[in-house]
Each structure stands twice: as C-alpha cells, then as structure tokens.
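K.L.:
Residue numbers (this note's numbering): 15 to 203. Before I ask anything, let me first share the structure, which is written out below as structure tokens.
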C-alpha cells in the first residue's frame, strides 16, 4: 500500500499566507509539507529512499515535550526516516491558529539522540521539532549540520501505525530558499 504523507494545501490558503510575507519567494518553501534547509547543505540523493520508523507520541504530545520515553523499545538505525506522530494535524486544521500555536515539540535530548543515531530525516505532523522562531531554526540547523533534515506538516501518519514501511522523499533543490516543498510517500511492506 502506498500512503501519501504530503499535505495538500489550497491555493486560497497559499495566497492568504503569501500576502502577509515580506519575501514571498522564500516564504513559498515553508508552506505545507516541506523540509527546512537553513544552512543550504546538499541533501544526499540516497536520502530519496529510507527505511521508516514511526514514533506514536499522540498521547503525550499536547501535555509535555516529546522526550526519550517516546522511543523506548523502538529500534532506530543509522539512515532511518524517523516519523513522529503527534496527532496535531488530525486534531486541528492546517493553517488555523490552533494548529500553529503551542504545537508539540521534541526535547533537545531526543533531538540529540536522533543525531547520535545518524538518522536521515525527522518528520513531524506539526509545525516543527521546536517552536519560537530562533529555537525552531537553531534545532533545524543543528540537525542539518549533522546530515539530518526536518520535514514538517506531514499527514496520514496514523496509517503507518503498526506497519513496516519505506519512505520516498522528493524535493527540488533551491540555493536560496530555506524551505523546500517536498513530496513524501510511504510504502508499507
């Protein structure tokens, strides 16, 4: 079974968002499902196909930061695409204040753990692995410096629960944009 993890965003929502942006060209990359690339490193082409691992943190995501307890008994290997399901995109519609405001985050300890495991991607169904502007960008930069890319605003993650899957990620390089819109598909085994 193929599952499209890419969020579909209406043209109206895109236009409304871009009208409020100072730099519309750069802002376009941060709409819907996208990966952040603040230091503009070259994403290895072999990242296109990765083994997927899902962490279901829905029960704790709204109460506390997602930490090491969420990965207990989960086998994460070098190169994996780690998908963290918070349930945020299922609970609140993308583009609403509720979706973005106080969205779930990962602890710095968990981010460091993923770095030590040398995963390829960290994907989330919310607006980022940290929040509050600088903290958000700093976490994404730290990951990118270690060969890991954060993909935000993924959807349909509930369809991967209790499944083994491969993730296919497609992006177009842009040497100026800090966000690259991408297509993310999962194939269950």
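We treat Cβ as the ideally placed atom computed from N, Cα and C, and that holds for glycine.
(1) Please identify the residue among 61, 75, 57 and 17 whose C-alpha is closest to the C-alpha of residue 141.
(2) At the level of alpha carbons, what is the spacing between residue 163 and residue 201?
(3) Judging by CA-CA distance, which residue of 177, 158, 107 and 19 is the nearest neighbour of residue 134?
(4) To the nearest angstrom, how far is the alpha carbon of residue 208 from that of residue 187?
(5) Can the beta-carbon of residue 174 be found closer than 7 Å to that of residue 48?
(6) Residue 199 and residue 18: beta carbons closer than 7 Å?
(7) Excluding sequence positions up to five away, which residues of its chain have a Cβ less than 6 Å from the Cβ of residue 114?
(8) Anyone know if the C-beta pair for residue 95 and residue 181 falls short of 7 Å?
(9) Where residue 93 and residue 146 are concerned, what is the direct C-alpha to C-alpha distance, given to the nearest angstrom?
(10) What residue does the beta strand (DSSP E) around residue 63 start on, and which one ends it?
(11) Within the same chain, show all residues whose beta-carbon is closer than 6 Å to that of residue 50, passing over the 5 residues directly before and after it, in chain order.
(12) What beta strand (DSSP E) runs, 3 residues minimum, are completely inside the region 136–192?
(13) Could you check where the beta strand (DSSP E) with residue 50 kicks off and where it finishes?
(14) Considering only the alpha carbon of each residue, which of 176, 148, 196 and 190 lies closest to residue 166?
(15) Out of curiosity, what's the CA-to-CA distance linking residue 60 and residue 184?
(16) According to DSSP, which residues form a beta bridge with residue 97?
(17) Between residue 160 and the rest of its own chain, which residues show a CB-CB distance below 8 Å, the 5 nearest in sequence each way excluded?
(18) Cα separation between residue 151 and residue 179?
(19) The beta strand (DSSP E) with residue 16 in it runs from where to where?
(20) Would the beta-carbon of residue 110 fall within 7 Å of that of residue 139?
P.N.:
Per the coordinate set shown:
(1) The count along the chain shown starts at 1 and reaches residue 141 at position 127. The shortest C-alpha separation from residue 141 is found at 75.
(2) One-based indexing of the chain shown puts residue 163 at position 149. One-based indexing of the chain shown puts residue 201 at position 187. Straight-line Cα distance between these residues: approximately 20 Å.
(3) Locating residue 134 in the chain shown gives position 120, where the first residue counts as 1. Closest by alpha carbon: 158.
(4) Any question about residue 208 goes unanswered here, given that the chain covers just 15 to 203.
(5) On the chain shown, residue 174 is found 160 positions in, with the first residue counted as 1. On the chain shown, residue 48 is found 34 positions in, with the first residue counted as 1. Not closer than 7 Å, so no.
(6) On the chain shown, residue 199 is found 185 positions in, with the first residue counted as 1. On the chain shown, residue 18 is found 4 positions in, with the first residue counted as 1. Yes; because the gap between Cβ atoms is below 7 Å, this pair is in contact.
(7) Along the chain shown, one-based indexing puts residue 114 at 100. These residues qualify, in order along the chain: 141.
(8) For the purposes of this step, residue 95 is identified with residue 81 of the chain shown, where counting begins at 1. For the purposes of this step, residue 181 is identified with residue 167 of the chain shown, where counting begins at 1. A contact, by the Cβ cut-off of 7 Å.
(9) Position 79 of the chain shown, counted from the first residue, corresponds to residue 93. Position 132 of the chain shown, counted from the first residue, corresponds to residue 146. In a straight line, the C-alpha of residue 93 is about 28 Å away from that of residue 146.
(10) Within the chain shown, the letter at position 49 stands for residue 63. Segment 63–70, the beta strand (DSSP E) holding residue 63.
(11) Translated into positions along the chain shown, residue 50 becomes position 36. If we look at residue 50 and ignore the five residues flanking it on each side, its Cβ neighbours are 154, 164 and 193.
(12) 163–166 and 179–185
(13) Residue numbering aside, residue 50 sits at position 36 when the chain shown is read from its first letter. Element bounds for residue 50: 48–50.
(14) Locating residue 166 in the chain shown gives position 152, counting from the first residue. The candidate whose alpha carbon is nearest that of residue 166 is 196.
(15) If you number the chain shown from 1, residue 60 lands on position 46. If you number the chain shown from 1, residue 184 lands on position 170. Rounded to the nearest angstrom, the two C-alpha atoms are 11 Å apart.
(16) Position 83 of the chain shown, counting from 1, holds the residue named residue 97. Looking at the DSSP assignment, residue 97 forms a beta bridge with 68 and 137.
(17) Here residue 160 refers to the residue found at position 146 when the chain shown is read from its first residue. The answer, listed in chain order, is 129 and 132.
(18) Taking the chain shown and counting its residues from 1, the one referred to as residue 151 is at position 137. Taking the chain shown and counting its residues from 1, the one referred to as residue 179 is at position 165. Residue 151 and residue 179: Cα-Cα distance of roughly 29 Å.
(19) Counting from one through the chain shown, the residue named residue 16 turns up at place 2. Unbroken beta strand (DSSP E) run through residue 16: 16–18.
(20) Taking the first residue of the chain shown as position 1, residue 110 is located at position 96. Taking the first residue of the chain shown as position 1, residue 139 is located at position 125. Taking 7 Å as the Cβ cut-off, residue 110 and residue 139 do not qualify as a contacting pair.
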